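Everything below concerns the one structure shown next.
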Amino acid sequence: MRYSQILTAAAVVALVAVSAEANSLSRILAKSGLTPQDTDMMRQAEQSLLAEAGGGAGKQTAWNNPDSGAHGEVQVSGKEGDCLLLQHKAFVKDSQQPKQLRRKFCPSGQDWLLSN
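The structure is reproduced here in structure tokens:
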């Protein structure tokens, strides 16, 4: 009986931690000024670069969302082993200061997976 109570408490703590982390990410995105459509376009730009057999350092592609006025580019900034580092620069409407984001993708079979 005591063991199941401990497991239940641990599960609740884990769910709260995951929920808090998700809320933080959603708050960060909300404060960035980027719309969900903007982030979708950013991911499409990533996929375009990754589809080019991983691309080489320096390759880049641009995106533009006329609905929100946001635009940007993603560039292959380097490699770590077989993994690619992608650097985003995103500009929200009427801003000269870019929002920057770096993401790492590693090959997994035919796909690329986001990695830490």
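Residue numbers for the sequence shown follow my numbering, beginning at 29 and rising by one.
We treat Cβ as the ideally placed atom computed from N, Cα and C, and that holds for glycine.
A quick note: this is a predicted structure, and the numbers were derived from the prediction, not measured.
I'd like the list of long-range same chain contacts for residue i, defined as Cβ closer than 7 Å, with 5 residues on each side in sequence excluded.
i, result
"CYS111", "LYS132, PHE133, CYS134 and SER143"
Just to confirm, is the Cβ distance from residue i to residue j under 8 Å?
i, j, result
"GLN65", "SER105", "no"
"ALA98", "LEU129", "no"
Need the endpoints of the beta strand (DSSP E) that residue i sits in, please.
i, result
"LEU113", "111-119"
"GLN128", "127-136"
"ASN93", "88-93"
"GLY100", "98-108"
"SER143", "139-143"
Given residue i, which residues of its chain have a CB within under 8 Å of its CB, disregarding the five upstream and five downstream residues?
i, result
"PRO126", "GLY100, LYS117, ALA118 and PHE119"
"ALA38", "Below a pLDDT of 50, predicted positions are generally treated as unreliable, and ALA38, at 36, falls in that range; the measurement from the model is reported next regardless. Taken in chain order, the list of residues that qualify is empty."
"ASN93", "THR63, GLN65, ASP66, MET69 and HIS99"
"SER76", "THR89"
"GLY86", "GLN103 and VAL104"
Looking only at its chain, what residues have a beta carbon closer than 6 Å to the beta carbon of residue i, apart from the 5 residues adjacent to it on each side?
i, result
"LEU113", "SER105, GLY106 and LYS132"
"GLN115", "GLN103, SER105 and ARG130"
"LEU59", "A small correction: the amino acid at residue 59 is Lys; Leu does not occupy that position in the sequence shown. Taken in chain order, the list of residues that qualify is empty."
Report back the beta-carbon spacing between residue i and residue j to the nearest angstrom; my notes put them in contact at under 8 Å.
i, j, result
"GLN88", "GLN103", "4 Å"
Along the chain, where does the alpha helix (DSSP H) that runs through residue i open and close?
i, result
"GLY73", "Checking the sequence shown, residue 73 turns out to be Ala, not Gly. Looking at the DSSP string, the run of the alpha helix (DSSP H) that includes ALA73 is 64-79."
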